[in-house]
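What follows is a short report on a single structure.
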Amino acid sequence: MMGISGKTVRSILAPCMMLAGALGGWWVAKNYLEFLATPGNVESGFMKNVTDFLSLGGPPDLLTKSILFATLIVIGLLVGLVLSLVVYRQMVRAKQALENSSPQEKIAVASGLTLGLGLTVLIVFSLPMAPWARVLVALVLSYLGVVATMSMKEQLRWYFPGIAGETAAAKAHLQRPKILDTNVIIDGRIADICRVGFVESPIYIPRFVLEELQQIADSTDSLKRARGRRGLDILNQMQKEMDLQITEYDTEGQPEEVDAKLVALAQELNGSIVTNDFNLNKVAELQGVKVLNVNELANALKPVVLPGEEMSVTIIKEGKEQNQGIGYLDDGTMVVVEGARRFINETLHVVVTSVLQTVAGKMIFATMKEDHEEEEELIDRNIRSYSSGRQRKKIR
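Printed below as a string of structure tokens:
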């Protein structure tokens, strides 16, 4: 612990706690015997029955007193041993939490303890209290002070700019706030992306985004109303199922458009915008704001398909060109199959001929396997006939 091994800490902590427990047991036995010696304390009621039982019907003799002291001291030793194990585990957890906490969190905890203890001193000197009440007030006010300052730890970096930087660039990137826009919340995929850890906290939900979601949920249009309610449900799901810091942040004096507010907020907080809006993506990049586009992530995760590969696809509709059929892969990639217009609602084995990358995603062009094999056979026959013709000419 803090430079010494855990074994050393246990070897020091356990005897100290056991000694404290033994002293506590001795103190309880001593005060109990003094209580018995005071006239009028055990003349009737429950205490008289207890006293008669422990003193065997008469005043406690030396043997009874020795048994009482020994019993309470042994109980104190056992209680001290158990408490030492509990205290050691809490010390280990506190050490790990302190090592993993950021500079903002350390300063917030120190500030909260200082605030709580300062208020305790003012209250204790102002009001007469018992010693145990003073300890209770100190604990309660220290806890409330830490909670209050921890809730404002993100704002501390504006007053202590030197603590905002991290030693490693990667850690600084992870601490960069992720700001969600309305479209990506309604889209719904952001919940799964956060759940598997591709987007990490802190995640900010600006107040104006929540207001826009509420306006959409209250719309008279049934489709808009359903989309708004879906977005609110997704936010509730993220709050319940994941350990994410979803924070409201209000910006005053910013432009009225939501996209412009998002860009201004990201610039102010040095954060990233999480969106699936193509136009917002381009506007933010032009102003130097990092954007995490969900559609680009989905396209990047699609499997690579090369010309000549075979696959199975179900034709569901006609294509734009004559005799073309359209199908889709499981990830939503469109497959255009030549000559498959007459095979709608049928599953075909096709061969990929080319792949086209567009802004919306990938498009795969393919031919039916039978046509592809016939084409390859025709090419092979042409090559063989051409080669044999040249050989006959050489013989002549």
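Counting from 16, one number per residue, gives the positions in the sequence shown under the numbering used here.
Glycine residues also receive a C-beta, built at the ideal position from the N, C-alpha and C atoms.
Partner residues in a beta bridge of Met165, as assigned by DSSP, do not exist.
Taken atom to atom, the span from the alpha-carbon of Glu333 to that of Gly347 is near 17 Å. For Ser237, the enclosing alpha helix (DSSP H) begins and ends at Ser237 to Glu256.
Pairing Gly354 with Ile200, the inter-Cα distance amounts to about 40 Å. Using a 10 angstroms sphere on the CB of Val309, the tally of other CB atoms reaches 16 or more, which defines it as buried. A direct Cα-to-Cα measurement between Val162 and Ser26 gives close to 33 Å. Distances from the CA of Arg210 to each of Gly243, Leu250 and Ile220 were compared; the closest alpha carbon is that of Leu250. Taking 8 Å as the cut-off, the beta carbon of Lys384 is found no closer than this to the beta carbon of Lys317. Scanning Ala148, Arg356 and Asp292 for the CA closest to the CA of Leu312 turns up Asp292. Cβ neighbours of Val43 within its own chain (closer than 7 Å, five residues either side excluded): Leu87. Under DSSP, Gln372 shares a beta bridge with Lys377.
Shown here, Val306 sits in a strand according to DSSP, grouped into three states. Between Gly286 and Lys193, the CB-CB gap stays under 8 Å.
Residue pairing by DSSP places Gly342 opposite Ile330 and Val350 in a beta bridge. Inter-residue distance for Ile122 and Gly133 is about 16 Å (C-alpha atoms, whole angstroms). In this structure, Ala145 lies away from Leu92, with their beta-carbon atoms at least 8 Å apart.
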